[in-house]
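Asks: The structure is given below, and queries will be raised subsequently.
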Amino acid sequence: MEDASKSFVHIPELQQWAGRHIAEATGAEAGLPTAGACNGLMLAAAACIMKGTELEKYDPLGRGQANWSHLSTRLPLHTEGLRTEFIVPKNNRNSYDYSVECAGGRFKEVGSTKKELADVFDPQKTAAYYFTAREAKKSLSLETVIEVAHRNGAPVIVDAAAELPPKRKLSFYSKVGADLVAFSGGKHLGGPNNSGLLAGRRDLINLAHLQAYPFNGVGRAAKMSRETIVGLVVALKIYLEHNEKALFDGWEKKANWVVSQLREIPGVVTGIVYQGTVEDDEPMAPFCYLKLDERTVGMNGRTLVEKLKDGNPSIMTLYEPAFLIEDYHGKVTINPEYMLDGEEEIIVQRIRELLKAS
Numbered sequence: 035m036e037d038a039s040k041s042f043v044h045i046p047e048l049q050q051w052a053g054r055h056i057a058e059a060t061g062a063e064a065g066l067p068t069a070g071a072c073n074g075l076m077l078a079a080a081a082c083i084m085k086g087t088e089l090e091k092y093d094p095l096g097r098g099q100a101n102w103s104h105l106s107t108r109l110p111l112h113t114e115g116l117r118t119e120f121i122v123p124k125n126n127r128n129s130y131d132y133s134v135e136c137a138g139g140r141f142k143e144v145g146s147t148k149k150e151l152a153d154v155f156d157p158q159k160t161a162a163y164y165f166t167a168r169e170a171k172k173s174l175s176l177e178t179v180i181e182v183a184h185r186n187g188a189p190v191i192v193d194a195a196a197e198l199p200p201k202r203k204l205s206f207y208s209k210v211g212a213d214l215v216a217f218s219g220g221k222h223l224g225g226p227n228n229s230g231l232l233a234g235r236r237d238l239i240n241l242a243h244l245q246a247y248p249f250n251g252v253g254r255a256a257k258m259s260r261e262t263i264v265g266l267v268v269a270l271k272i273y274l275e276h277n278e279k280a281l282f283d284g285w286e287k288k289a290n291w292v293v294s295q296l297r298e299i300p301g302v303v304t305g306i307v308y309q310g311t312v313e314d315d316e317p318m319a320p321f322c323y324l325k326l327d328e329r330t331v332g333m334n335g336r337t338l339v340e341k342l343k344d345g346n347p348s349i350m351t352l353y354e355p356a357f358l359i360e361d362y363h364g365k366v367t368i369n370p371e372y373m374l375d376g377e378e379e380i381i382v383q384r385i386r387e388l389l390k391a392s
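Pasting the structure below:
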């Protein structure tokens with residue numbers, strides 16, 4: 035990143051260089067660095083809205099071409115004659131999908147059956163299908179959404195912002211047929227916090243690029259510096275090369291230590307859960323949890339979370355996290371991924387102090 039800060043480059047060329055690395059890592063046809071996963075979703079929606087328009091004739095590196103700003107600046111307001119509807123199962127919505135609306139799209143919610151998903155398609159209005167990669171009760175599978183969408187000739191956008199680890203998820207969505215997939219660059223990938231990546235079909239990535247910085251499209255304000263773009267690519271390279279099992283083993287060791295220190299406290303139940311599902315003996319990311327018997331310890335889990343957050347040092351934990359199955363709701367969850375060495379001792383000491391005081 036320091037080297038990049040001292041170099042003067044043509045940003046669209048740098049974006050395409052990064053896009054080739056993203057494509058290679060994800061198994062997609064093409065890629066684009068984005069200012070976070072949310073910006074990736076917005077650009078993905080913009081690409082699907084502009085599919086089939088005159089904008090397809092242009093190339094981000096097309097020197098000497100006429101300016102296409104009059105086309106890209108139509109979004110998000112001037113959408114007359116464009117397909118702007120995004121079909122999404124009602125129980126697959128999330129708090130970040132407003133990114134689609136920022137691009138000028140609007141959602142068409144359907145129920146949880148394959149027939150409902152297929153019947154709502156309108157060739158004059160439907161821009162794409164939208165899918166959040168997460169477990170949801172009675173949710174249609176991604177494979178079902180892709181099957182229905184492709185039968186109707188529509189692309190599928192996948193929000194996979196928080197789907198890493200494991201590493202295989204980077205290429206999973208392209209393999210099963212998703213047309214555009216957005217990942218965060220600043221979570222488990224370990225890149226700059228304000229970075230993300232968009233991977234998918236070459237034609238749609240091209241349209242997304244034409245809408246992004248440094249051009250005058252809907253993504254113009256979501257600028258990525260050359261330092262951030264280079265940092266993202268280097269982080270991606272490091273991520274692909276690291277030993278995932280060794281990393282998870284280190285986290286599990288910390289999680290086991292926390293559990294062993296807290297399990298003897300009356301009224302406290304502790305344990306370890308894992309993010310993801312086992313496939314081919316792949317390693318999974320561990321989390322430790324504790325559940326409090328309020329009658330014994332004098333406080334519930336939510337109160338403990340608030341007191342940990344408000345203390346000095348402030349300790350951020352999760353309560354009723356969305357990614358865990360229903361059996362774990364009501365439990366305080368501690369993620370060892372975010373602990374520096376020795377911080378597990380601070381966390382245990384603080385929990386003991388709070389429970390003793392209570």
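If you read the sequence shown in our numbering, its first letter stands for residue 35, the second for the next number, and so on.
Don't be surprised by glycine CBs; every beta carbon is placed ideally from N, CA and C.
1) What would DSSP say about Pro67, mapped onto helix, strand or coil?
2) How is Pro123 classed by DSSP in three states: helix, strand or coil?
3) Who are the near neighbours of Lys390 in its chain, counting only those whose CB is closer than 6 Å to its CB and skipping five residues on each side?
4) Which residues bound the beta strand (DSSP E) around Asp193?
5) For Gln309, which residues in the same chain have their Cβ closer than 7 Å to its Cβ, ignoring the five residues on either side in sequence?
6) Grab the span of the beta strand (DSSP E) containing Gly305 for me, first residue to last.
7) State the DSSP-derived secondary structure class of Thr113, mapped to helix, strand or coil.
8) Report buried or exposed for His222, applying the criterion of at least 16 other Cβ atoms within 10 angstroms of its Cβ.
9) Just the C-alpha distance for Glu298 and Ala280, rounded to the nearest angstrom, thanks.
10) For Ala196, which residues from the same chain have a beta carbon less than 7 Å from its beta carbon, with the 5 sequence-adjacent residues on both sides left out?
11) Please report the residue range of the beta strand (DSSP E) in which Ala162 lies.
12) Distance check for Gly96 and Val215, CA to CA, integer angstroms please.
13) Which residues bound the alpha helix (DSSP H) around Ser392?
14) On the three-pair Cβ rule with 8 Å, is the region 238–249 touching the region 327–336?
15) Along the chain, where does the beta strand (DSSP E) containing Lys325 start, and where does it finish?
16) Could you give the C-beta distance for Thr68 and Gly230, rounded to a whole number, given that I count them as a contact under 8 Å?
17) Short check: CB of Ile263 to CB of Ala78, under 9 Å?
18) How many Å lie between Gly139 and Asp344 at the Cα?
19) Rounded to whole angstroms, what is the Cα-Cα separation between Ala59 and Gly211?
20) Between the beta-carbon of Phe141 and the beta-carbon of Asp156, is there less than 9 Å?
21) Taking the straight line between their C-alpha atoms, what separation do you get for Asn177 and Leu388?
22) Do Tyr163 and Ala183 have their CB atoms nearer than 9 Å?
23) Residues in its own chain within less than 7 Å of Ala194 by CB, not counting five upstream and five downstream?
24) Answer yes or no: do Tyr353 and Lys365 have a C-beta to C-beta separation smaller than 9 Å?
25) So, Asn228 versus Gly53, is the Cβ gap smaller than 9 Å?
26) Quick one: measure Cβ to Cβ for Gln49 and Leu66, integer angstroms, because I've assumed they're closer than 8 Å.
Replies: So, to answer that:
1) Position 33 of the sequence shown, counted from the first residue, corresponds to residue 67. In the structure shown, Pro67 sits in a strand (DSSP, three-state: E or B).
2) Within the sequence shown, the letter at position 89 stands for residue 123. The answer is strand: DSSP assigns Pro123 an E or B state.
3) In the sequence shown, counting from the first residue as 1, residue 390 sits at position 356. Nothing listed; no residue qualifies.
4) Locating residue 193 in the sequence shown gives position 159, where the first residue counts as 1. Here the beta strand (DSSP E) through Asp193 covers Val190 to Asp193.
5) For the purposes of this step, residue 309 is taken as the residue at position 275 of the sequence shown. For Gln309, where only same-chain residues beyond five positions count, the Cβ hits under 7 Å are Met318, Ala319, Phe321 and Phe357.
6) As a first step, residue 305 must be located in the sequence shown, where it is residue number 271. Gly305 -> beta strand (DSSP E) spans Val302 to Gln309.
7) In the sequence shown, the residue the question calls residue 113 occupies position 79. Residue state, collapsed to three classes: coil.
8) On the sequence shown, residue 222 is found 188 positions in, with the first residue counted as 1. Under this definition His222 is a buried residue.
9) The residue labelled residue 298 in the question sits at position 264 within the sequence shown. The residue labelled residue 280 in the question sits at position 246 within the sequence shown. Near 29 Å, if we compare the C-alpha coordinates of Ala280 and Glu298.
10) Position 162 of the sequence shown, counting from 1, holds the residue named residue 196. For Ala196, where only same-chain residues beyond five positions count, the Cβ hits under 7 Å are Ser218 and Lys221.
11) In the sequence shown, residue 162 corresponds to position 128, counting from 1. In the DSSP assignment, Ala162 falls within the unbroken beta strand (DSSP E) covering Thr160 to Thr166.
12) In the sequence shown, the residue the question calls residue 215 occupies position 181. In the sequence shown, the residue the question calls residue 96 occupies position 62. Roughly 25 Å separates the two Cα atoms.
13) In the sequence shown, counting from the first residue as 1, residue 392 sits at position 358. It is not in any alpha helix (DSSP H) - Ser392 carries neither H nor E in the DSSP assignment.
14) These segments do not touch.
15) Counted from its first residue, the sequence shown places residue 325 at position 291. Lys325 -> beta strand (DSSP E) spans Ala319 to Leu326.
16) Counting from one through the sequence shown, the residue named residue 68 turns up at place 34. Counting from one through the sequence shown, the residue named residue 230 turns up at place 196. The Cβ separation is near 4 Å, so the contact holds.
17) Within the sequence shown, the letter at position 229 stands for residue 263. Within the sequence shown, the letter at position 44 stands for residue 78. Contact: no.
18) Here residue 139 is taken as the residue at index 105 of the sequence shown, counted from 1. Here residue 344 is taken as the residue at index 310 of the sequence shown, counted from 1. So the alpha carbons of these two residues sit roughly 39 Å apart.
19) If you number the sequence shown from 1, residue 59 lands on position 25. If you number the sequence shown from 1, residue 211 lands on position 177. Straight through space, the alpha carbons of Gly211 and Ala59 are spaced by roughly 16 Å.
20) Translated into positions along the sequence shown, residue 141 becomes position 107. Translated into positions along the sequence shown, residue 156 becomes position 122. Cβ distance not < 9 Å, so Phe141 and Asp156 don't count as in contact.
21) Locating residue 177 in the sequence shown gives position 143, where the first residue counts as 1. Locating residue 388 in the sequence shown gives position 354, where the first residue counts as 1. The residue asked about is misnamed: residue 177 is Glu in this sequence, not Asn. The C-alpha of Leu388 is placed about 47 Å away from the C-alpha of Glu177.
22) Counting from one through the sequence shown, the residue named residue 163 turns up at place 129. Counting from one through the sequence shown, the residue named residue 183 turns up at place 149. Cβ atoms of Tyr163 and Ala183: closer than 9 Å.
23) As a first step, residue 194 is located in the sequence shown; it is residue number 160 there, counting from the start. Hits under 7 Å: Ala167, Lys203, Tyr207, Val215, Ala216 and Phe217.
24) Along the sequence shown, read from residue 1 onward, the residue named residue 353 stands at position 319. Along the sequence shown, read from residue 1 onward, the residue named residue 365 stands at position 331. Their beta carbons are under 9 Å apart, which means Tyr353 touches Lys365 by this criterion.
25) For this step, residue 228 is matched to residue 194 along the sequence shown. For this step, residue 53 is matched to residue 19 along the sequence shown. No, these two residues do not count as a Cβ contact at 9 Å.
26) Locating residue 49 in the sequence shown gives position 15, counting from the first residue. Locating residue 66 in the sequence shown gives position 32, counting from the first residue. Confirmed, about 6 Å.
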